[in-house]
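In the working numbering, the protein residues as written are 82 to 188.
Glycine is no exception: its CB is placed at the ideal position from the N, C-alpha and C atoms.
What follows is a single structure, written as structure tokens, with notes after it.
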């Protein structure tokens, strides 16, 4: 029997450039998302950081940037990590909503 869906928000298959800074160490790395929701994203990376690590996340689409503070909620070793957004300003949330609500945008 399949496991019931636990996600609180729908995911969208968006490939975006991602810059992740592990806090408080300041270690920065570049990756990409494979899906994004209103509450978080999945980042493809061979070397995910540990679960519960706090991060500053910057997603880029063309010249638009979405920034948020969050933490790693789960890790898939050798594949990537799920990041939940903890702190998002209203302006940043509006930008994210625009990306998710505009299917005509090419990612």
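Query	Result
Could you check if residue 96 is buried or exposed, using at least 16 other CB atoms within 10 Å of its CB as the buried criterion?	exposed
For residue 160 and residue 171, what's the separation of their Cα atoms in angstroms?	31 Å
I'd like to check one pair, residue 136 with residue 162: are the Cβ atoms closer than 7 Å?	no
Helix, strand or coil for residue 175 per DSSP?	helix
With C-beta atoms as the reference, is residue 126 less than 7 Å away from residue 152?	no
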